[in-house]
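Enquirer:
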Amino acid sequence: MAAKKETYTYSEAMKRLESIVSRIESNELDIDELGTHLKEAQKLIKFCKDKLYKADREIQKMLASETDSDESPTA
Amino acid sequence: MESNSPLSLAELNALVRRSLQTCFPDALWVQAELSDVRANASGHCYLEFVQKDASGNSLAAKARGIIWAGTFARLKPYFERETGQAFVSGIKVLVKVTVGFHELYGYSLTVTDIDPTYTLGDMARRRREILERLKQEGVLTLNKELELPELAQRIAVISSPTAAGYGDFCKQLRDNAFGFVFYPCLFPAVMQGDKVEASVISALDRIYEKLDRWDAVVIIRGGGATSDLSGFDTYDLAVNCAQFPLPIITGIGHERDDTVIDMVAHTRVKTPTAAAEFLVNHTRMTAEKLEGLSQCIYQEVPLRLTREKERLENWLMRIPSKVQMRLQREAFAQERLAKRMETALKARMQAERHRIELWSQRVNAASPEVLLKRGYSITLKDGKAVTDASALRPGDEVETRLAKGSFKSIVKK
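Line by line, the protein sequences give chains V and H.
For the first sequence, my numbering begins at 17 and goes up steadily by one.
For the second sequence, my numbering begins at 910 and goes up steadily by one.
#1: How about residue 35 (chain V): is its C-beta nearer than 7 Å to some C-beta of chain H?
#2: Would you please verify whether the beta carbon of residue 1158 (chain H) is less than 7 Å from any beta carbon of chain V?
#3: Note down, in chain order, every chain H residue with its Cβ under 8 Å from the Cβ of residue 27 (chain V).
#4: Taking only runs of the beta strand (DSSP E) that begin and end inside the segment 948-1025 of chain H, which ones reach a length of at least 3 residues, in chain order?
#5: Which residues in the same chain as residue 1049 (chain H) place their Cβ atom closer than 7 Å to its Cβ, once the five residues preceding and following it in sequence are excluded?
#6: Please determine, among H:1212, H:1018, H:1087, H:1051, the residue with the shortest C-alpha to C-alpha distance to residue 1196 (chain H).
#7: Can you tell me whether residue 1148 (chain H) is buried or exposed? The criterion is at least 16 other CB atoms within 10 Å of its CB, across all chains shown.
#8: Of all Cβ atoms in chain V, is any one closer than 7 Å to the Cβ of residue 1148 (chain H)?
#9: Could you check whether residue 1140 (chain H) and residue 1118 (chain H) sit closer than 7 Å to each other, using their CB atoms as the reference points?
#10: The beta strand (DSSP E) that contains residue 1066 (chain H), what's its start and end?
#11: Could you list the residues in the segment 1203-1221 of chain H with a C-beta less than 8 Å from some C-beta on chain V, going in chain order?
#12: With a Cβ-Cβ cutoff of 7 Å, do residue 977 (chain H) and residue 953 (chain H) count as a contact?
#13: Residue 1099 (chain H) CB to nearest chain V CB: under 7 Å?
#14: Nearest to residue 1114 (chain H) by CA position, among H:1065, H:1256, H:1206, H:1045, is which residue?
#15: Going along chain H in order, which residues have a C-beta closer than 8 Å to the C-beta of residue 70 (chain V)?
#16: Can you name the start and end residues of the alpha helix (DSSP H) that residue 1245 (chain H) belongs to?
#17: Which stretch, first to last residue, makes up the alpha helix (DSSP H) that contains residue 1138 (chain H)?
#18: Given that a residue counts as buried once 16 or more other Cβ atoms are within 10 Å of its Cβ, and exposed if not, what is residue 52 (chain V)?
#19: Taking only beta-carbon positions, decide if residue 1094 (chain H) is within less than 7 Å of chain V.
#20: Jot down the residue ranges of each uninterrupted beta strand (DSSP E) in the segment 1279-1316 of chain H, minimum 3 residues, whole runs only, in chain order.
#21: So what does DSSP say about residue 24 (chain V), is it helix, strand or coil?
#22: I need the boundaries of the alpha helix (DSSP H) containing residue 1147 (chain H), first residue and last residue.
#23: Where does residue 1131 (chain H) fall in DSSP's three states?
#24: Could you tell me how far apart the beta carbons of residue 970 (chain H) and residue 959 (chain H) are, in whole angstroms, since I believe they sit closer than 8 Å?
#25: Using alpha carbons as the reference points, say which of H:1246, H:1273, H:1198, H:1232 lies closest to residue 29 (chain V).
Structural data, given as C-alpha cells:
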C-alpha cells in the first residue's frame, strides 16, 4: 500500500486522501484497518496543511539563490 | 501674369500654396501609417505619414506631417487612452488634416483631429490575424489546456521591478486573509514600448531553464498613467506564451481590449491585484477541498465506529433471546422425548408382563402337582426322584408321592 511512501507531492497526497475517504465512506475498510488509515490520513492532512500555511525554508533558500533579487517569500 | 517672364522660386511656391489652398479649402480625413514620430521640446510633433504598397515592402506614398503643440497635448493622451496604444511609428491612424504648402518647407499635412476607432479596428484586425495563425499552427489553446496545480505557490513574476503593480501584487499575496504561503520571485522585464516582446520572451526563457521550480507564471504591469500595450500584441510573444509549459496568468491592466497574450494565457485578469486575488482564491479552493476531506475523515471515522458499536449492541441484545429460544426448543424436545420414553416403557412392560404370564401358564402346565392330579406319582428314594429301576435294590425304602398325600413302601425285587 502507498501508505509507506514518505515523499509525495501535494497532489499525490490529496489523491491518497481522497481514496482513503472514499474507502471509508463506502464501508470498504475493516474496523481493523480503520485505525491505520486514520493515522495515515492525519499524516497526509498535516503534510498538506503545512504546505499551505508554513513557509518552506528549502524553497526560500532555493529561490534566493535562483535570482539576484532579494525577494523574500510573503509569509 | 506674363507667361514668358520667369518666376522666382518663391513666387512659384507661393503660387502652389495658393492653388493648394484653393483646391483643399477644408480639412480632410486621411488614412495612413505613422512613421518617424518625434515630439520636440516645445511640444510640437513632427512625423511622417506613409502608405506601403500592396506587398508591404516599399512605400507607395509619403507626406510630412505636423501636430502643433496645443493639438498634440490634447490628441495624444486621448488617442492612447482610447486605444491602449502609444502614438508611435508603425501604427495606422485616421487623422483629420489640412493640406498645406510652405514656400520653404514644402508640402505638409497639419493634423487637427484623430479617430482612435480606426486604429482600434486595425489593431483588432492584427490581433485576429495573429490568433488565426496560432490557431492554424495548433498552439492557440495550449496554455489554456494546462492545469494550474492545486498548490500554486511558487510564482515566477514577469514585471517591471519598479512598477507599482508589482508591489501591489506581492502585497496582496503576502497579506492574504487565509495565511497561505506564496513564493513570488521577480523576473524583471521591460513592460512598455517596443522592447516588451524581446524582454518578456527573455524572462520566459530564464524561467524555462528551471521549469520545475515554478508552479505558474504571472505577467503583470500597471501603475503607469497611459497604456502602451502594442508590445503585447506580437506573434512571437504570443507563440511563446501559448506554448509555455507552465500556466500563465496575465494582469496587464487594460480595461477594454484583451491583448493577444491575454487571449492565449491560461487565465486573464485585469490588474496585478486581481492576479494575486486569483491565486489566493485558487489556493483557498485547494484549502477548502483539503478541509472537506479532513472533515470527512474526522466525522466519518467516529461515525463508522459508532455504527459498528451499534451493530455489536444489536447483536448483544439479540443473543439472549436467541439463547432463550434455543433453550425452549431444547426443553420441548426433552419433554417430547420423555413422553415417548414413558409410552415406550409402558408398552414394553406390558409386553413383558404378558410374556411372563404365558411362561407361567406353561410352567404351571408342566408342574408335578398337575401331573400328580392326573394320576401320575413320583417315587422318591432318600428324597430324590427315582427315574431308573436299576438304581433300586430289594429292601430299599421308597416314598411314593401322590396328588394328595404320600406313602412308603419296601422294594421287593
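We put the beta carbon where it would ideally sit given N, CA and C, even for glycine.
Expert: Well, looking at it:
#1: Locating residue 35 (chain V) in the first sequence gives position 19, counting from the first residue. Residue 35 (chain V) does not count as touching chain H.
#2: For the purposes of this step, residue 1158 (chain H) is taken as residue 249 along the second sequence, with counting starting at 1. Closer than 7 Å: no.
#3: The sequence position of residue 27 (chain V) within the first sequence is 11, counting from 1. Those within 8 Å of residue 27 (chain V) in chain H are 1058, 1059, 1060.
#4: The segment 948-1025 of chain H contains these whole beta strand (DSSP E) runs: 954-961, 968-976, 1001-1011, 1015-1023.
#5: Counted from its first residue, the second sequence places residue 1049 (chain H) at position 140. For residue 1049 (chain H), where only same-chain residues beyond five positions count, the Cβ hits under 7 Å are 1040, 1043, 1151, 1173.
#6: As a first step, residue 1196 (chain H) must be located in the second sequence, where it is residue number 287. Here the closest residue by C-alpha is H:1087.
#7: Taking the second sequence and counting its residues from 1, one reaches residue 1148 (chain H) at position 239. Classification of residue 1148 (chain H): buried, given that the 10 Å Cβ count is 16 or more.
#8: In the second sequence, counting from the first residue as 1, residue 1148 (chain H) sits at position 239. It does not: the Cβ of residue 1148 (chain H) has no partner Cβ on chain V nearer than 7 Å.
#9: Looking up residue 1118 (chain H) in the second sequence gives position 209. Looking up residue 1140 (chain H) in the second sequence gives position 231. Cβ distance not < 7 Å, so residue 1118 (chain H) and residue 1140 (chain H) don't count as in contact.
#10: Mapped onto the second sequence, residue 1066 (chain H) falls at position 157. Per DSSP, residue 1066 (chain H) belongs to the beta strand (DSSP E) from 1063-1068.
#11: 1203, 1205, 1206, 1209, 1210, 1213, 1214, 1217
#12: Here residue 977 (chain H) corresponds to residue number 68 of the second sequence, with the count starting at 1. Here residue 953 (chain H) corresponds to residue number 44 of the second sequence, with the count starting at 1. For the 7 Å CB-CB criterion, residue 977 (chain H) and residue 953 (chain H) form a contact.
#13: Reading the second sequence from its first residue, position 190 is the one you call residue 1099 (chain H). Chain V contact via Cβ: absent.
#14: Residue mapping note: residue 1114 (chain H) aligns to position 205 of the second sequence, counting from 1. Shortest Cα-Cα distance from residue 1114 (chain H) to any of H:1065, H:1256, H:1206, H:1045 involves H:1065.
#15: For the purposes of this step, residue 70 (chain V) is taken as the residue at position 54 of the first sequence. Per Cβ cutoff of 8 Å: 1090.
#16: As a position in the second sequence, residue 1245 (chain H) is number 336, starting the count at 1. Its alpha helix (DSSP H) spans residues 1181-1275.
#17: Your numbering for residue 1138 (chain H) matches position 229 in the second sequence. Annotation: residue 1138 (chain H) is outside any alpha helix (DSSP H) and is labelled neither H nor E by DSSP.
#18: Within the first sequence, the letter at position 36 stands for residue 52 (chain V). Residue 52 (chain V) should be labelled exposed.
#19: Your numbering for residue 1094 (chain H) matches position 185 in the second sequence. Closer than 7 Å: yes.
#20: 1287-1290, 1306-1310
#21: Here residue 24 (chain V) refers to the residue found at position 8 of the first sequence. In the displayed model, residue 24 (chain V) falls within coil according to three-state DSSP, outside both helix and strand.
#22: By 1-based counting over the second sequence, the position of residue 1147 (chain H) is 238. Counting along the chain, the alpha helix (DSSP H) containing residue 1147 (chain H) begins and ends at 1144-1151.
#23: Along the second sequence, one-based indexing puts residue 1131 (chain H) at 222. Three-state result, residue 1131 (chain H): coil.
#24: Here the question's residue 970 (chain H) lines up with position 61 in the second sequence. Here the question's residue 959 (chain H) lines up with position 50 in the second sequence. Yes, they are in contact, since the Cβ atoms of residue 970 (chain H) and residue 959 (chain H) sit about 7 Å apart, within 8 Å.
#25: The residue labelled residue 29 (chain V) in the question sits at position 13 within the first sequence. Of the candidates H:1246, H:1273, H:1198, H:1232, the one whose C-alpha sits nearest the C-alpha of residue 29 (chain V) is H:1198.
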